[in-house]
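Below is one structure, written out as structure tokens; comments come after it.
Residue numbers (my numbering): 48 to 159.
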């Protein structure tokens, strides 16, 4: 009787741990999707259309994998999206900084 109870506890612990991991993956996915959508909203036309399409495809792939319960695939897609968003966001910041410098230069040239 005690052995059966211990075995049931072990089985449920494994299920609980698996469910906890699935919840954490879902939270990571939602956070990464929000971050990606923020970058897309803030782009001001500075992000290449091909990168926008890649980001949108990865967002859809993550949502689909989550819906299907494919958590390993979700984890892989989250990492792909994180890396892509990081590269795109850094390029966006550089382009934005360059535009601001060009505007400042043009303004100071006109004032002289």
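Even for Gly, the Cβ is constructed at its ideal location relative to N, Cα and C. Here the structure is a predicted model, which means the values were calculated and not measured.
Check, Outcome
"Reference residue 92; option with closest CA among 56, 71, 75 and 139", "139"
"Endpoints, the alpha helix (DSSP H) within which residue 62 is located", "49 to 88"
"For residue 120, three-class secondary structure by DSSP", "helix"
"Supposed contact pair residue 132 and residue 102 - C-beta distance, whole angstroms, cut 8 Å", "7 Å"
"Cβ pair residue 146, residue 124 closer than 9 Å", "no"
"Residue range of the alpha helix (DSSP H) that includes residue 109", "96 to 115"
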